[in-house]
Structures are given as structure tokens and as C-alpha cells.
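*Asks:*
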Amino acid sequence: TGQPVDIGKAAFTTSLNLLSKLFFSVELAHHTSSKSQEFKDLIWEIMEDIGKPNYSDYFPVLKYVDPSGIRRRLAANFERLIAVFQRMIKQRLADGPSKPDSTDVLDVLLDLYKQKE
């Protein structure tokens, strides 16, 4: 349609969907959905913060100060990510396993957990 395509974003969305289908049998990143845009933004923020240089890596005395706030932002973003995963796990426990002819990683982990009990 003559529209420019951001190859980086398209590759990121495709990779995220591939992993989410493998682990949860759900596509977490749609190209147009606002809810999935929040999830993509969260993952992107985590990736950016992990890639930023942290002063405490070069000056160990600053380890507890966190001058750039990277650890604080990462902790907050990981809490949000864990909340998303917890909602998905609770939903799966309420709904039961995914399709009977296919299992994902979450199904396998839940089966292992149930066998352990």
C-alpha cells in the first residue's frame, strides 16, 4: 500500500509472537492492538534498560546508589511483566489446558507441578 515498514519493529513483533505462541499458545503482540502495544512497550523498555551502560558496573562503589536508576526501572518493569504472566497462568488454570492436540510450555510446567503435588 506504499506504506514504509519498520523492519526492526516487525521482527520484534514476530519474535515476540513466536515465543508467546510457544510458551502460552497466545499471540501477545499484534501489530495494531493497544493492549499488545503496552506489552511490546514493556518488553522494549526492559531490553533498552538491560542494554544501557550502568555506572555501577564501572564504579563498584556506586552499586548501592544506582545513579542512573536502571535497577529501579528494571525492578518495576519486571514486576509488571510478572503480573502479566501471573494473569495468564491463573487464566490457564481456570480454563484448563490448551487445545488437546497441542501442548505448550505452560501446559508442561503445570502438568509437572500437578504431578509433584
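Just so you know, we're using the numbering used here here: the sequence shown kicks off at 1037 and counts up by one. Where a beta carbon is used, it is the ideal one built from N, C-alpha and C, also for glycine.
1. Just reading off the alpha helix (DSSP H) that L1055 is part of, what are its end residues?
2. Ignoring anything shorter than 4 residues, give me the alpha helix (DSSP H) runs that lie fully in the segment 1075-1115, in order along the chain.
3. For the alpha helix (DSSP H) that Q1151 lies in, which residues bound it at each end?
4. Spatial neighbours of N1053 within its chain, please: C-beta separation below 6 angstroms, excluding the five flanking residues on both sides.
5. Give the secondary structure of L1117 by DSSP, where H, G and I count as helix, E and B as strand, and everything else as coil.
6. So, L1142 versus R1128, is the Cβ gap smaller than 7 angstroms?
7. With 16 as the cutoff for other CB atoms within 10 Å, does F1060 come out buried or exposed?
8. May I ask you to report which of helix, strand or coil DSSP gives D1137?
9. Please look up how many angstroms separate the CB atoms of R1109 and D1077, rounded, as I've assumed it's under 8 angstroms.
10. Within 10 Å of its beta-carbon, does D1131 have 16 or more other beta-carbons around it, so buried, or fewer, so exposed?
11. For G1044, which of S1072, G1038 and W1080 has the nearest alpha-carbon?
*Replies:* This is what the structure gives:
1. Sequence index remark: in the sequence shown, residue 1055 carries index 19 (1-based). That run of the alpha helix (DSSP H) goes I1043 to F1060.
2. 1091-1094
3. Taking the sequence shown and counting its residues from 1, the one referred to as residue 1151 is at position 115. Taken as a continuous stretch (DSSP letters only), the alpha helix (DSSP H) holding Q1151 covers V1141 to K1152.
4. Locating residue 1053 in the sequence shown gives position 17, counting from the first residue. Once the five neighbours on either side are set aside, the close Cβ partners of N1053 are E1063 and A1065.
5. Taking the sequence shown and counting its residues from 1, one reaches residue 1117 at position 81. The answer is helix: DSSP assigns L1117 an H, G or I state.
6. Here residue 1142 corresponds to residue number 106 of the sequence shown, with the count starting at 1. Here residue 1128 corresponds to residue number 92 of the sequence shown, with the count starting at 1. For L1142 and R1128, yes; Cβs fall inside 7 angstroms.
7. On the sequence shown, residue 1060 is found 24 positions in, with the first residue counted as 1. By the neighbour-count rule (16 or more Cβ atoms within 10 Å), F1060 is buried.
8. Residue numbering aside, residue 1137 sits at position 101 when the sequence shown is read from its first letter. Of the three classes helix, strand and coil, the one that applies to D1137 here is coil, per DSSP.
9. By 1-based counting over the sequence shown, the position of residue 1109 is 73. By 1-based counting over the sequence shown, the position of residue 1077 is 41. With 8 angstroms as the limit, R1109 and D1077 do not qualify as a contact, their Cβ atoms being about 13 angstroms apart.
10. Looking up residue 1131 in the sequence shown gives position 95. D1131 comes out exposed.
11. Residue mapping note: residue 1044 aligns to position 8 of the sequence shown, counting from 1. Ranking S1072, G1038 and W1080 by Cα distance to G1044 puts W1080 first.
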